[in-house]
Amino acid sequence: YMGDTNIFQADVRDYEKVFQASDGIDTIFHLASFGLSGGEQLKKIKEIDSINVGGTKVIIDVCKSRNISKLIYGSSVIVIFGGDPIEDGDETLPYYPLEKQSDNYSKSKTIAEQMILAANGAPLQGGETLRTCALRPPGIYGPGDNKLISRFIKIIQSYLLYVTFDTTGTWTNWVHIYNLTQAYLLAQRALTAERNFIASGQAYFINDGEKINFFKWTSVLYEKLGHPKPRLVLPGYFLKIIVTLVEHLYWLLHPIFHFIPFLTKREAGHLLVTYTFRIDKARKQLGFHPKKYSLAEVADDYLQRKSMREDK
1 YMGDTNIFQA DVRDYEKVFQ ASDGIDTIFH LASFGLSGGE QLKKIKEIDS INVGGTKVII
61 DVCKSRNISK LIYGSSVIVI FGGDPIEDGD ETLPYYPLEK QSDNYSKSKT IAEQMILAAN
121 GAPLQGGETL RTCALRPPGI YGPGDNKLIS RFIKIIQSYL LYVTFDTTGT WTNWVHIYNL
181 TQAYLLAQRA LTAERNFIAS GQAYFINDGE KINFFKWTSV LYEKLGHPKP RLVLPGYFLK
241 IIVTLVEHLY WLLHPIFHFI PFLTKREAGH LLVTYTFRID KARKQLGFHP KKYSLAEVAD
301 DYLQRKSMRE DK
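In structure tokens:
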């Protein structure tokens, strides 16, 4: 981070701490969330809601009391995608019904985005108006990531060295962190008078502008790990069967034996269904133009940093 950046560590649910950290700023990028993947996703709804919904209320309240006029929310495609196929979807699609959402994280992110957009136009204590918008990225990858890329590698090393799954014809989007960062900065500008507040109250899908098949996209990791690609290729539905059984075992055994499933049912389901979104609105209104990046470069970065840590 830049040398003149001030770092505060606090709980997003703690109004006083967030209020203190927000002194003298004019924009909040609300990116904090909990329950996205793995063991987090299996946490109780109360814990997930308290952060994703309760924390969002705190952020909105702080904006109003601190006279912070720009609020950009880090949302997700899952507020629209709930498991049914979507091909080249856009921002005219309705929210996926809360009662049909299969997991607590998706429900909480949907509620939080609705709260953020509903707060657009709210009066601030200093007399200004709060301007809000939401960005909806898919999965995020990039240098410095110690979560997703490390999880992919662990899954391959532990479970998928000799077998993989055929999901031919299934497509999704991902977004590189540099492209997503570009979108956040453009969204901030689009909430100003200079841009006629064009992003005010709006939501935008953000991705790399291309479709990928997840198992083909991540197959480069075998080469980076020095392993040949698996020869045994099973139909994709086998993945869902296996993950469903493992998740049932988790709920049966977790009171006496703790383990984290390598994938949840929701995550496996997302790998077996096409869900892609156009970024035309972000291109036109924000001036968003994603650059080309590769997962291979991200893997090289991760493995290099991992090696440096192990050498210390």
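For the sequence shown, the UniProt record's numbering assigns the number 1 to the initial residue and increments by one for each residue that follows.
Even for Gly, the Cβ is constructed at its ideal location relative to N, Cα and C.
Item	Value
Report all residues from its chain with a CB closer than 8 Å to the CB of I68; omit the five preceding and five following residues, and keep chain order.	S22, I25, D26, T27, I28, V62, L124 and L130
Which stretch, first to last residue, makes up the alpha helix (DSSP H) that contains E247?	G236 to L253
Answer with buried or exposed for Y132, where buried requires no fewer than 16 other C-beta atoms within 10 angstroms of its C-beta.	In the sequence as displayed, the identity of residue 132 is Thr instead of Tyr. Classification of T132: buried, given that the 10 Å Cβ count is 16 or more.
Using the three-state DSSP reduction, which class does T27 fall into: helix, strand or coil?	strand
Along the chain, which unbroken stretches of the alpha helix (DSSP H) at least 4 residues long are found entirely within the segment 72 to 142?	104 to 118
Exposed or buried, what is T181 when buried is set at 16 or more other beta-carbons lying within 10 Å of its beta-carbon?	exposed
Since I believe I59 is in contact with Y184 (beta carbons under 8 Å), could you give me their beta-carbon distance rounded to a whole number of angstroms?	Y184 to I59, Cβ: 15 Å. No contact.
To the nearest angstrom, how far is the alpha carbon of V12 from that of I156?	34 Å
Quick check: V79 and S106, are their CB atoms within less than 9 Å of each other?	yes
Q41 to L249, Cα distance in whole Å?	Caution is warranted here: a pLDDT of 49 is assigned to Q41, below 50, making its placement in the model unreliable, and the coordinate value is therefore given only provisionally. Answer to the nearest angstrom: the Cα atoms are 16 Å apart.
Distance check for G121 and E194, CA to CA, integer angstroms please.	17 Å
How about F277 and F214: do their beta carbons lie closer than 9 Å?	no
Is F34 helix, strand or coil by DSSP?	coil
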